[in-house]
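*Asks:* Residue numbers (full-length UniProt numbering): 1 to 650. The structure is given below, and queries will be raised subsequently.
Here it is as structure tokens:
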């Protein structure tokens with residue numbers, strides 16, 4: 001059998017998060033014309049067995065499919081059983097022969113015998129057994145018309161029982177596969193990135209700055225939680241080196257009051273286990289984590305495995321770095337970028353020592369309440385190391401989540417996910433046209449969704465795309481809507497809600513980048529004067545939490561519009577998998593044009609929405625509150641960057 005989901009000849013387990021609806025697929029067939037059936041057999045981490053009948057997928061390809069919602073955290077085992085479906089074979093033949101008067105009594109006797117076998121199943125209730133035996137008796141009553149005897153043997157009540165308890169012969173089993181199911185936050189969450197040193201920072205009269213601290217940054221947590229975010233992510237919080245410290249806008253001439261890049265880790269005050277003294281103490285950090293927890297936020301911490309020339313590692317473990325022919329240590333480079341304030345780590349010289357050191361660092365921060373790590377540039381470290389580290393950490397702390405910040409080649413990004421990263425950055429920021437977005441959304445929701453969970457950050461301290469630079473507020477609105485609804489995981493870097501889109505000339509970075517200097521923002525003033533996007537972001541996160549269809553990754557479906565600036569997709573969740581007990585369907589229509597109002601006809605594939613063809617149905621725009629009656633084709637008129645987020649009414 002060809003099984004899906006599986007990875008690289010079962011080299012790695014596939015992935016899911018608690019509550020995720022997972023599609024399964026197998027190829028199964030037999031010789032001749034007799035009918036077969038298939039069942040998905042799932043064994044939960046608790047050892048409970050669940051059986052799910054599979055149904056035929058694409059016609060003519062011997063493909064069998066089913067979906068199952070995996071609710072508990074841990075390793076699920078599954079296989080597929082294929083069998084001769086004796087009732088289905090008889091049913092097919094009888095529906096042809098009996099009306100044609102061919103072997104009528106013989107066919108009905110064979111059907112009765114199949115029903116007798118079905119009634120012997122010990123899993124049946126007494127009522128189910130009586131229904132099947134009654135149908136067998138009716139099939140044998142030669143005094144009745146043949147059509148009535150057949151009708152009794154194929155009644156709806158009989159078919160429902162047989163579907164749940166098939167009459168099986170010649171049973172074969174596939175190989176067993178595994179799915180690793182992780183906690184809900186691995187698969188669903190909204191992230192907000194902030195620099196603690198900027199929150200509460202103030203410029204002194206002499207031009208120097210007073211750094212923000214964990215205590216002042218804690219005051220910002222209420223605003224982050226109020227917008228509906230689930231995770232607050234902090235760049236490195238460790239001491240920053242002074243050797244080759246970067247100044248404003250990545251210059252090489254830092255002044256005495258310039259704080260340097262947080263990713264330039266290491267100073268006489270310590271390295272990866274220490275906190276920058278300007279930010280406070282360990283107790284202050286723990287208080288920040290506690291306050292976040294009170295507001296329903298988890299704290300994610302940056303794990304950047306690199307060092308400045310001032311890091312204690314440089315003297316204590318020079319073998320952890322690369323020494324050049326002239327005796328100097330190699331600086332980090334990503335041509336044409338140069339990182340003169342950073343030494344990259346060499347994992348080849350002291351594998352065991354370095355592995356233990358990193359594991360101890362992660363364990364230290366777990367002990368202080370951090371259970372999510374955003375890993376900086378993991379693609380520049382060995383895959384074997386990440387597979388080992390994540391396995392070791394999750395064996396002791398299964399709740400810990402690792403996010404891979406790897407903007408690199410597809411095979412490398414995907415290999416990091418296979419190696420264990422629960423979440424991954426993606427190419428989303430650079431996919432801006434309708435064609436690009438449709439290809440991207442199809443890939444993340446169908447092609448790689450069985451092992452790779454994308455986190456659609458709309459911006460980062462390193463990434464301010466041309467679309468955002470030149471598109472202004474409409475671009476920011478459109479990108480927020482797409483990210484928040486297309487993926488269960490999305491993220492925002494602070495300042496996005498203020499439409500900070502002025503770039504350093506010739507770069508994809510913000511002018512006066514917060515990576516190299518403090519940034520003072522008046523959040524309340526922008527909200528008061530209506531220039532902040534906080535109300536839109538808040539509403540998007542409210543919609544995400546209210547609609548379980550948006551918590552799923554694999555259910556995104558594209559729809560057509562007759563104008564290439566209009567992107568349309570939907571997410572549908574059947575009632576059987578929805579915590580509300582009802583179908584949940586969201587339709588998203590976005591004008592990607594940041595300059596012009598556009599008109600289009602949107603053409604929906606109603607089958608993908610769980611609706612019969614030619615249906616008319618009510619929709620409510622969850623952003624504006626407007627209501628309409630929609631059909632398969634619908635007129636839309638959208639201002640620059642405007643979107644509809646429509647909920648299909650039952």
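Ideal Cβ placement from N, Cα and C applies to all residues, glycine included. All values reported here derive from a predicted model rather than from experimental measurement.
Within its chain, find whatever has a CB closer than 8 Å to the CB of residue 613; leave out the 5 residues flanking it on each side and keep chain order.
*Replies:* Taking the first residue of the chain shown as position 1, residue 613 is located at position 613. Only 606, 607, 632 meet the Cβ criterion.
*Asks:* Measure the Cβ-Cβ separation of residue 236 and residue 275 and say whether it is below 8 Å.
*Replies:* For this step, residue 236 is matched to residue 236 along the chain shown. For this step, residue 275 is matched to residue 275 along the chain shown. It is not a contact, given that the beta carbons lie outside the stated cut-off.
*Asks:* Residues in the same chain with beta-carbon distance under 6 Å from residue 344, minus the five sequence neighbours each way, listed in chain order, please.
*Replies:* Numbered from 1 along the chain shown, position 344 holds the residue referred to as residue 344. Cβ within range, chain order: 306, 332.
*Asks:* I need the DSSP call for residue 353, collapsed to helix, strand or coil.
*Replies:* Here residue 353 refers to the residue found at position 353 of the chain shown. The answer is helix: DSSP assigns residue 353 an H, G or I state.
*Asks:* Do you know whose CA, among 241, 48, 213, lies nearest residue 272's CA?
*Replies:* To locate residue 272, count along the chain shown from 1; it is residue 272. Nearest of 241, 48, 213 to residue 272, Cα basis: 241.
*Asks:* So what does DSSP say about residue 334, is it helix, strand or coil?
*Replies:* Within the chain shown, numbered from 1, the residue matching residue 334 stands at position 334. DSSP, reduced to helix, strand and coil, places residue 334 within a strand of the structure shown.
*Asks:* Assuming residue 156 is part of the alpha helix (DSSP H), what are its boundary residues?
*Replies:* Within the chain shown, residue 156 is the residue found at index 156, counting from 1. If you look at residue 156, you'll find it in the alpha helix (DSSP H) that goes 156-164.
*Asks:* Which of the three DSSP states, helix, strand or coil, is assigned to residue 144?
*Replies:* Mapped onto the chain shown, residue 144 falls at position 144. Three-state DSSP puts residue 144 in coil, outside helix and strand.
*Asks:* Nearest to residue 404 by CA position, among 374, 432, 419, is which residue?
*Replies:* Position 404 of the chain shown, counted from the first residue, corresponds to residue 404. Measuring from the Cα of residue 404, the nearest candidate turns out to be 374.
*Asks:* Could you tell me whether the region 202-217 touches the region 178-192, where touching means 3 or more Cβ pairs closer than 8 Å?
*Replies:* Because the criterion of three Cβ pairs below 8 Å is not met, the region 202-217 and the region 178-192 do not touch.
*Asks:* Can you say whether residue 29 is buried or exposed, counting buried as having 16 or more other CB atoms within 10 angstroms of its CB?
*Replies:* Sequence index remark: in the chain shown, residue 29 carries index 29 (1-based). Exposed.
*Asks:* For the region 90-127, list the alpha helix (DSSP H) runs that are entirely contained and at least 4 residues long, ordered along the chain.
*Replies:* 104-119
*Asks:* Quick one, which of 427, 534, 490 has its alpha-carbon nearest residue 457's?
*Replies:* In the chain shown, the residue the question calls residue 457 occupies position 457. Here the closest residue by C-alpha is 490.
*Asks:* In angstroms with no decimal places, state the Cα-to-Cα distance between residue 514 and residue 492.
*Replies:* Translated into the one-based positions of the chain shown, residue 514 becomes position 514. Translated into the one-based positions of the chain shown, residue 492 becomes position 492. When rounded, the distance between both Cα atoms is 14 Å.
*Asks:* Pairs of beta-carbons, one from the region 291-298 and one from the region 220-229, closer than 8 Å: are there three or more?
*Replies:* yes
*Asks:* Among the candidates 36, 563, 191, whose CA atom is the shortest distance from the CA of residue 433?
*Replies:* Counted from its first residue, the chain shown places residue 433 at position 433. Residue 433 has its Cα closest to that of 563, out of 36, 563, 191.
*Asks:* Report the start-end ranges of each beta strand (DSSP E) in the region 9-89 that is 3 residues or longer and not cut off at the edges.
*Replies:* 14-17, 20-27, 36-43, 49-53, 63-70, 74-85
*Asks:* Quick check: the Cα distance between residue 211 and residue 308, rounded to an integer number of angstroms?
*Replies:* On the chain shown, position 211 is the one that residue 211 refers to. On the chain shown, position 308 is the one that residue 308 refers to. Each residue's alpha carbon lies about 21 Å from the other.
*Asks:* State the Cα-Cα distance for the pair residue 37 and residue 55, rounded to the nearest angstrom.
*Replies:* Position 37 of the chain shown, counted from the start, is the residue given in the question as residue 37. Position 55 of the chain shown, counted from the start, is the residue given in the question as residue 55. Rounded to whole angstroms, residue 37 to residue 55 spans 8 Å at the Cα level.
*Asks:* Going by C-alpha distance, which of 40, 170, 45, 358 is nearest residue 31?
*Replies:* Residue mapping note: residue 31 aligns to position 31 of the chain shown, counting from 1. The residue with the shortest Cα to Cα distance from residue 31 is 170.
*Asks:* Measure the Cβ-Cβ separation of residue 589 and residue 636 and say whether it is below 8 Å.
*Replies:* Your numbering for residue 589 matches position 589 in the chain shown. Your numbering for residue 636 matches position 636 in the chain shown. Result yes, Cβ atoms of residue 589 and residue 636 sit closer than 8 Å.
*Asks:* Quick check: the Cα distance between residue 191 and residue 86, rounded to an integer number of angstroms?
*Replies:* The residue labelled residue 191 in the question sits at position 191 within the chain shown. The residue labelled residue 86 in the question sits at position 86 within the chain shown. If I take the Cα positions, the gap works out to 53 Å.
*Asks:* Determine the direct distance from the alpha carbon of residue 199 to that of residue 525, and round the result to whole angstroms.
*Replies:* As a working note, residue 525 is residue 525 in the chain shown. As a working note, residue 199 is residue 199 in the chain shown. Going by the C-alpha atoms only, they are around 15 Å apart.
*Asks:* Please report the straight-line C-alpha distance between residue 597 and residue 644, rounded to a whole angstrom.
*Replies:* Counting from one through the chain shown, the residue named residue 597 turns up at place 597. Counting from one through the chain shown, the residue named residue 644 turns up at place 644. Roughly 14 Å separates the two Cα atoms.
*Asks:* Report all residues from its chain with a CB closer than 8 Å to the CB of residue 228; omit the five preceding and five following residues, and keep chain order.
*Replies:* Looking up residue 228 in the chain shown gives position 228. So the qualifying residues of the chain are 190, 537, 538, 540, 541, 542, 544, 545.
*Asks:* Would you report the Cα separation of residue 167 and residue 475, rounded to the nearest angstrom?
*Replies:* Working through the chain shown from its first residue, we reach residue 167 at position 167. Working through the chain shown from its first residue, we reach residue 475 at position 475. Cα-Cα distance, rounded: 58 Å.
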